[in-house]
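Asks: With the working numbering applied, the sequence shown covers 96 to 292. Below are the structure tokens for one structure; questions will follow.
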Amino acid sequence: MAVEAPYGSWASTITPDLFAKGNCKAICELQATDGGCITVHEYGGGSFLPLNDGSVIYSTIDGVFHQIAQEAPPVQLAEGNEKKLRYADFSVSQTHIFCVNECHLQPGSDPENRIISIDMATKEQKVVASGADFYASPRVSPDGKRLVWMQWNHVNMPWDETSIHIAVLHDDGTATNEVVVKDGTGQKATRVFITLT
């Protein structure tokens with residue numbers, strides 16, 4: 096049963112004790128009334144990733160940042176180039192951030208979408224996958240040796256025609272030996288489960 100209460104005075108089930116116990120999950124809520132928006136693909140792609148050490152990787156129109164401690168200033172890892180470079184959907188290895196990158200540097204042409212790596216020490220970026228119209232969900236395996244992602248092309252949507260790719264990661268943030276695990280072409284839908292162990 097719903098109970099009305101003045102703003103900020105309701106009893107919440109989310110308490111400091113809940114967070115102090117550990118096993119805390121991060122909750123992100125983006126409300127249109129706050130004037131927020133997601134910039135990659137204009138409609139999707141996570142803008143932040145909380146890490147196990149308590150730090151956070153996040154993107155704004157100014158680029159990619161690593162907030163290592165609450166009292167410390169964030170470290171900028173990539174430039175936004177006046178919103179011409181957009182970043183989303185982060186996954187990390189020991190040394191690199193992997194994400195979807197949408198590049199709007201060529202005026203009058205469609206943006207270039209790709210998956211890139213960002214070296215957390217040197218800030219050097221490398222293209223890991225390119226050529227498709229859209230990319231989503233790059234994920235590093237728990238051992239840091241492989242990267243898996245989804246990709247598809249216009250005019251299709253991800254539920255129409257998506258392929259799943261996996262590649263071997265190297266210490267320099269590059270990937271080789273790319274394999275198409277599931278090619279989404281055709282009319283018959285098939286569920287695919289991938290475990291990166």
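Backbone N, C-alpha and C define an ideal beta-carbon position, used for all residues, glycine too.
Distance, Cα to Cα, K240 vs H191?
Replies: 12 Å
Asks: Grab me the residues of S225's own chain with a C-beta within less than 6 Å of its C-beta, minus the 5 sequence neighbours each way, in chain order.
Replies: R209
Asks: If the criterion is Cβ atoms closer than 7 Å, does the pair S154 and Q162 meet it?
Replies: no
Asks: Check D205 in the structure and name its three-state DSSP category.
Replies: coil
Asks: Excluding the 5 residues preceding and the 5 following N248 in the sequence, name in chain order all residues of the same chain whose CB lies nearer than 8 Å to its CB.
Replies: A227, D228, F229, E256
Asks: The beta strand (DSSP E) spanning M245 covers which residue range?
Replies: 241-247
Asks: Tell me, which residues are paired with G158 by DSSP?
Replies: T155, E174
Asks: On the DSSP bridge assignment, give the partners of I214 in chain order.
Replies: Correcting the residue identity first, residue 214 is Asp in this sequence and not Ile. Its beta-bridge partners are H191.
Asks: By the DSSP assignment, the beta strand (DSSP E) with S262 in it spans what residues?
Replies: Reading off the sequence shown, one finds Ala at residue 262, where the question assumed Ser. The continuous beta strand (DSSP E) containing A262 extends over residues 258-264.
Asks: Measuring straight from C-alpha to C-alpha, what distance separates V222 and V98?
Replies: When rounded, the separation of the alpha-carbon atoms in V222 and V98 is 52 Å.
Asks: Based on Cα-Cα distance, which residue from M215, D266, L200, C194 lies nearest to M245?
Replies: C194
Asks: Report buried or exposed for V235, applying the criterion of at least 16 other Cβ atoms within 10 angstroms of its Cβ.
Replies: buried
Asks: Quick one: grab the DSSP three-state call for D184.
Replies: strand
Asks: Could you name the residues of the same chain whose beta carbon sits closer than 6 Å to that of I156, not counting the 5 residues immediately before and after it, in chain order?
Replies: G175, K178
Asks: Distance, Cα to Cα, E197 vs L180?
Replies: 6 Å
Asks: Taking all protein chains shown into account, do 16 or more other C-beta atoms lie within 10 angstroms of the C-beta of S142, making it buried, or fewer, making it exposed?
Replies: buried
Asks: Where DSSP assigns a beta bridge to N196, which residues make up the other side?
Replies: For N196, the beta-bridge partners assigned by DSSP are Y182, R209.
Asks: In whole angstroms, what separates the C-alpha of I109 from that of L146?
Replies: 20 Å
Asks: Roughly how many angstroms lie between the CA atoms of D214 and D267, to the nearest whole one?
Replies: 8 Å
Asks: Is it the case that the Cβ atoms of I211 and Q201 are separated by a distance below 7 Å?
Replies: no
Asks: Would you say S186 and P253 are within 7 Å of each other, going by their C-beta atoms?
Replies: no
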